[in-house]
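Novice:
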Amino acid sequence: MDTTTTHPQYIAGTWKLDPAHSELSFSVRHLAISKVRGSFETFDATIVTGENPADTTIEASIDVASVNTNQAQRDEHLRTSDFFKVDEFPTATYAAKDIAIDGDDFTVTGDLTLRGVTKPVTLKGEFGGVTTDGYGQTKAGASATAKFNRNDFGVSWNAAVEAGGLTLGDEITLNAEIQVVLQK
Numbered sequence: 000m001d002t003t004t005t006h007p008q009y010i011a012g013t014w015k016l017d018p019a020h021s022e023l024s025f026s027v028r029h030l031a032i033s034k035v036r037g038s039f040e041t042f043d044a045t046i047v048t049g050e051n052p053a054d055t056t057i058e059a060s061i062d063v064a065s066v067n068t069n070q071a072q073r074d075e076h077l078r079t080s081d082f083f084k085v086d087e088f089p090t091a092t093y094a095a096k097d098i099a100i101d102g103d104d105f106t107v108t109g110d111l112t113l114r115g116v117t118k119p120v121t122l123k124g125e126f127g128g129v130t131t132d133g134y135g136q137t138k139a140g141a142s143a144t145a146k147f148n149r150n151d152f153g154v155s156w157n158a159a160v161e162a163g164g165l166t167l168g169d170e171i172t173l174n175a176e177i178q179v180v181l182q183k
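According to numbering that gives the first Met the number 0, the residues represented by the sequence shown are 0 to 183, in order.
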């Protein structure tokens, strides 16, 4: 693990995703003039923070069939072999390999597996803090963003546009707004 300092609110333990207060979204250039955005409705994450912050592990899984772009026909196309190929690869996973913390900022480098292809992807983010909610649960929050080339994972479908260029850009931006709950 990289250089890691202990945040003043750091708590060692096992943290599970609070799905009601978390979001995993993505965007990609469309027609080279705008971005199409979507989200994954079902995903999970477990973070185990060790006594030494450098020993922290993060494992996440995404139900790729839960993709939602607010357009049913497009979502069905995304589930096909042109994109996610959910019949053969229903789950994408992410496992942290290296974590660096600098105050509230962090960088996590890990392995993303999508469509059976595993490649390193780096998340850059900001730690939101730790608090206790009205039910006595200890919660932590963070925001993170990653950018990667979809072609690296075999998601290469595209179509030429009559005016020139292609329908989709290659770079995917993944955004995570995460709340986790400390397990007792």
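From the three backbone atoms N, C-alpha and C, an ideal C-beta is built for every residue, glycine too.
Buried or exposed: Q70, going by 16 or more other Cβ atoms within 10 Å of its Cβ?
Specialist: As a first step, residue 70 is located in the sequence shown; it is residue number 71 there, counting from the start. The residue is exposed, with fewer than 16 neighbouring Cβ atoms inside 10 Å.
Novice: So, at 6 Å on beta carbons, what are the nonlocal neighbours of A141 in its own chain, with the 5 sequence-adjacent residues on each side left out?
Specialist: Here the question's residue 141 lines up with position 142 in the sequence shown. Excluding positions up to five away in sequence, the list reads G124, F126, G127, I177.
Novice: Ignoring anything shorter than 3 residues, give me the beta strand (DSSP E) runs that lie fully in the region 35–75, in order along the chain.
Specialist: Listed in chain order, they are 42–48, 56–62.
Novice: Which one or two residues does DSSP pair with A94 in a beta bridge?
Specialist: Taking the first residue of the sequence shown as position 1, residue 94 is located at position 95. Paired residues: E58, D110.
Novice: Starting from the C-beta of V85, find all residues in its chain whose C-beta is less than 6 Å away, skip the five residues before and the five after it, and write them out in chain order.
Specialist: On the sequence shown, position 86 is the one that residue 85 refers to. So the list reads V63, A64, R78, once near-sequence residues are dropped.
Novice: Quick one: grab the DSSP three-state call for P18.
Specialist: In the sequence shown, the residue the question calls residue 18 occupies position 19. Note: P18 maps to helix in three-state DSSP.
Novice: My assumption, with CB atoms under 8 Å, is that V179 sits in contact with W14. Please give the rounded CB distance.
Specialist: On the sequence shown, residue 179 is found 180 positions in, with the first residue counted as 1. On the sequence shown, residue 14 is found 15 positions in, with the first residue counted as 1. At roughly 4 Å, the Cβ-Cβ gap stays under 8 Å, so V179 and W14 are in contact.
Novice: So, with DSSP's three-state summary, where would you put F88?
Specialist: If you number the sequence shown from 1, residue 88 lands on position 89. Coil.
Novice: Using DSSP bridges, identify the partner residues of P119.
Specialist: Position 120 of the sequence shown, counting from 1, holds the residue named residue 119. P119 pairs with D110.
Novice: With distances taken from CA atoms, which of V66, T117, G109 is nearest A94?
Specialist: Translated into positions along the sequence shown, residue 94 becomes position 95. With distances taken between Cα atoms, A94 lies closest to G109.
Novice: Three-state secondary structure (DSSP) at L165?
Specialist: Indexing the sequence shown from 1 puts residue 165 at position 166. With a pLDDT of 45 at L165, under the threshold of 50, the modelled position of that residue is not reliable, and the figure given next carries that caveat. Strand at L165.
Novice: Look at the alpha carbon of S91 and the alpha carbon of E22, and state the distance between them as a whole number of angstroms.
Specialist: Start at 1 with the first residue of the sequence shown, and residue 91 comes out as number 92. Start at 1 with the first residue of the sequence shown, and residue 22 comes out as number 23. Correcting the residue identity first, residue 91 is Ala in this sequence and not Ser. Distance between the alpha carbons of A91 and E22 is about 16 Å.
Novice: Compare the Cα-Cα distances from G37 to each of G133, T68, I100, T48 and report the closest residue.
Specialist: Here residue 37 refers to the residue found at position 38 when the sequence shown is read from its first residue. Of G133, T68, I100, T48, the residue nearest in Cα terms is T68.
Novice: Suppose the cutoff is 8 Å on Cβ atoms and the five residues either side in sequence are ignored; what does the same chain contact list for V27 look like?
Specialist: Within the sequence shown, the letter at position 28 stands for residue 27. Counting only Cβ-Cβ distances below 8 Å, and skipping sequence neighbours, we find K34, V35, R149, L167, G168, E170, I171, T172.
Novice: Taking the alpha-carbon positions, what's the P119 to L111 distance?
Specialist: To locate residue 119, count along the sequence shown from 1; it is residue 120. To locate residue 111, count along the sequence shown from 1; it is residue 112. Going from the Cα of P119 to the Cα of L111 covers about 6 Å.
Novice: Let me confirm a value: T55 is counted as buried when at least 16 other C-beta atoms fall within 10 Å, else exposed. Which label applies?
Specialist: Within the sequence shown, the letter at position 56 stands for residue 55. When all chains shown are included, T55 counts as buried.
Novice: Looking at the unbroken beta strand (DSSP E) that takes in S142, where does it start and where does it end?
Specialist: By 1-based counting over the sequence shown, the position of residue 142 is 143. First-last of the beta strand (DSSP E) with S142: 137–148.
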